[in-house]
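Undergrad: The following block contains the structure, expressed as structure tokens.
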Amino acid sequence: MAAAAGALTVVLCLLAGCGSTADGVRVEGSPASTPESRTDAAGPAHPDWSESAEGADPSAGPVAPRDTRDDAGDPPDATRGDERPRPRTDTATDAVGEPLGHRAVIALLKRDPKVSSEVKRGLKPCVGDRYPISVAHGQATGQHPTDLVVNVSSCADGIGVGAYVYRRSSSGALVNVFTAERPPVSAVIRGGLLKVTRAVYIGNEPMCCPSGQDIVTYAWRDGLFREVDRERGDLGDGPPPAP
């Protein structure tokens, strides 16, 4: 009789819901915790709402992902003040129209591929800090600012070994537009024209004393200097005059 009463009590208890999990005993068939709803020590469940950046307030909300399009190679915004292209500046491309010092001109000649290695070797001070060059400005290519004319001579005898004309490009860089390196030679700009003086040797005259000289006049046409006139002068026994 007692056994029957006990069995009846168990049945009634099951029907009344006595199998609660409040005390840690799971009722057979109840759902266990799933990975989607579990938050453990490895981190939060939502990947975009992870820990705040160092020093930020965690209560301020989710941290927006950083836009890395510029890092990936997209062109930067041209309106940014720190992204705007800056003009190239160095000792050979000073402010447009400003006369260049001799050291800047020497640097310009040394990196110019149109200047021969022989002339470059002679670009050293002759006495103290005086270099064997003369620098002048003139307007021969029809632009402003003026063109730069550089004459290089030898320290030993002062004979001209190279004459060069540099023109400003739209970016402000100096571009070689004329080169003459057959000594003796010199160049000057007069009346908007380039005049180049070359020595003429007929016999076995020494370098110092040519028989005559040619004064060749060039005009700037179609982006280069073209010869428009040539004059022959007889010097006799005297040295060639400066142009």
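Residue numbers (mature numbering (1 follows the signal peptide of the UniProt record, and there is no 0)): -22 to -1, 1 to 221.
Beta carbons are placed, not taken as given, at the ideal position from N, Cα and C, and that holds for glycine.
Just so you know, these numbers come straight off a predicted model, no measurement behind them.
Below 8 Å on the Cβ atoms is my contact criterion, and I expect Tyr144 with Thr157 to pass it. Report the Cβ-Cβ distance as a whole number of Å.
TA: Numbered from its first residue, the sequence shown carries residue 144 at position 166. Numbered from its first residue, the sequence shown carries residue 157 at position 179. Contact flag wrong, Cβ pair sits at about 10 Å.
Undergrad: Consult DSSP for Arg210 and reduce its assignment to one of helix, strand or coil.
TA: The residue you call residue 210 lines up with position 232 of the sequence shown. Here Arg210 sits in strand by DSSP.
Undergrad: In whole angstroms, give me the CA-to-CA distance for Val113 and Val178.
TA: Within the sequence shown, residue 113 is the residue found at index 135, counting from 1. Within the sequence shown, residue 178 is the residue found at index 200, counting from 1. If I take the Cα positions, the gap works out to 24 Å.
Undergrad: Which residue's Cα is closest to the Cα of Val163: Val194, Leu78, Val83 and Ile84?
TA: Within the sequence shown, the letter at position 185 stands for residue 163. Comparing Cα-Cα distances from Val163 to each of Val194, Leu78, Val83 and Ile84, the minimum goes to Val194.
Undergrad: Using a Cβ-Cβ cutoff of less than 7 Å, which residues in the same chain neighbour Asp90 once the five nearest sequence positions on both sides are dropped?
TA: Residue mapping note: residue 90 aligns to position 112 of the sequence shown, counting from 1. The answer, listed in chain order, is Asn154.
Undergrad: How is the alpha helix (DSSP H) around Lys88 delimited, first residue to last?
TA: As a working note, residue 88 is residue 110 in the sequence shown. Lys88 -> alpha helix (DSSP H) spans His80 to Lys88.
Undergrad: Quick check on the DSSP output: the beta strand (DSSP E) that includes Lys173 runs from which residue to which?
TA: As a first step, residue 173 must be located in the sequence shown, where it is residue number 195. From DSSP, the beta strand (DSSP E) with Lys173 extends over Leu171 to Val178.
Undergrad: Looking at the secondary structure, which residues open and close the beta strand (DSSP E) in which Val194 lies?
TA: Taking the sequence shown and counting its residues from 1, one reaches residue 194 at position 216. Its beta strand (DSSP E) spans residues Gly190 to Arg199.
Undergrad: According to the neighbour-count rule (16 or more other Cβ atoms, all chains shown, within 10 Å of its Cβ), is Gln191 buried or exposed?
TA: Residue 191 sits at position 213 when you count from the first residue of the sequence shown. Classification for Gln191: buried.
Undergrad: Taking only three categories from DSSP, how would you classify Ser95?
TA: In the sequence shown, residue 95 corresponds to position 117, counting from 1. Residue state, collapsed to three classes: helix.
Undergrad: Considering just the uninterrupted stretch of the beta strand (DSSP E) at Gly116, what are its terminal residues?
TA: Counting from 1 along the sequence shown, the entry for residue 116 is found at position 138. Taken as a continuous stretch (DSSP letters only), the beta strand (DSSP E) holding Gly116 covers Ile111 to Gly116.
Undergrad: Within 10 angstroms of its Cβ, does Asp135 collect 16 or more other Cβ (buried), or is it exposed?
TA: Within the sequence shown, numbered from 1, the residue matching residue 135 stands at position 157. Under this definition Asp135 is an exposed residue.
Undergrad: Report buried or exposed for Ser131, applying the criterion of at least 16 other Cβ atoms within 10 angstroms of its Cβ.
TA: Locating residue 131 in the sequence shown gives position 153, where the first residue counts as 1. Ser131 is buried by the Cβ-count criterion.
Undergrad: Arg176: buried (16+ other C-beta within 10 angstroms of its C-beta) or exposed?
TA: For the purposes of this step, residue 176 is taken as the residue at position 198 of the sequence shown. Buried: at least 16 other Cβ atoms inside 10 Å.
Undergrad: Under 8 Å Cβ to Cβ from Gln117, same chain only, skipping five residues before and after it: list those, please.
TA: If you number the sequence shown from 1, residue 117 lands on position 139. Same-chain partners within the cutoff: Thr124, Asp125, Ile167 and Gly170.
Undergrad: Quick check: the Cα distance between Ala165 and Val139, rounded to an integer number of angstroms?
TA: By 1-based counting over the sequence shown, the position of residue 165 is 187. By 1-based counting over the sequence shown, the position of residue 139 is 161. Those two C-alpha atoms are separated by around 11 Å.
Undergrad: Per DSSP, what kind of secondary structure is Thr69 in: helix, strand or coil?
TA: On the sequence shown, residue 69 is found 91 positions in, with the first residue counted as 1. At Thr69 the pLDDT is 36, less than 50, meaning the model places this residue with poor confidence; the figure from the coordinates comes in the next sentence. Three-state DSSP puts Thr69 in coil, outside helix and strand.
Undergrad: Which residue from Gly79, Asp200, Val206 and Cys186 puts its Cα closest to that of Gly120?
TA: For this step, residue 120 is matched to residue 142 along the sequence shown. It is Asp200 whose Cα lies nearest to the Cα of Gly120.
Undergrad: Met138 bridges to which residues according to DSSP?
TA: Position 160 of the sequence shown holds residue 138. Here residue 138 is Gly; the residue named in the question, Met, does not match the sequence. DSSP lists Ser131 as partners of Gly138.
Undergrad: Reducing DSSP to helix, strand and coil, say where Asp107 ends up.
TA: The residue labelled residue 107 in the question sits at position 129 within the sequence shown. In the structure shown, Asp107 sits in coil (DSSP, three-state: anything other than H, G, I, E or B).
Undergrad: Does the Cβ of Arg108 have 16 or more other Cβ atoms within 10 Å, making it buried, or fewer, making it exposed?
TA: The residue you call residue 108 lines up with position 130 of the sequence shown. Arg108 comes out exposed.
Undergrad: Under 6 Å Cβ to Cβ from Val206, same chain only, skipping five residues before and after it: list those, please.
TA: Looking up residue 206 in the sequence shown gives position 228. If we look at Val206 and ignore the five residues flanking it on each side, its Cβ neighbours are Thr195 and Ala197.
Undergrad: Roughly how many angstroms lie between the CA atoms of Ser189 and Gly181, to the nearest whole one?
TA: On the sequence shown, position 211 is the one that residue 189 refers to. On the sequence shown, position 203 is the one that residue 181 refers to. Their backbone Cα atoms lie some 8 Å apart in a straight line.
Undergrad: Pull up the DSSP beta-bridge partners for Glu205, would you.
TA: Numbered from 1 along the sequence shown, position 227 holds the residue referred to as residue 205. Per DSSP, Tyr196.
Undergrad: Between Ile137 and Pro103, how many whole angstroms is the CB-CB distance? I'm expecting something under 8 Å.
TA: Position 159 of the sequence shown, counted from the start, is the residue given in the question as residue 137. Position 125 of the sequence shown, counted from the start, is the residue given in the question as residue 103. With 8 Å as the limit, Ile137 and Pro103 do not qualify as a contact, their Cβ atoms being about 18 Å apart.
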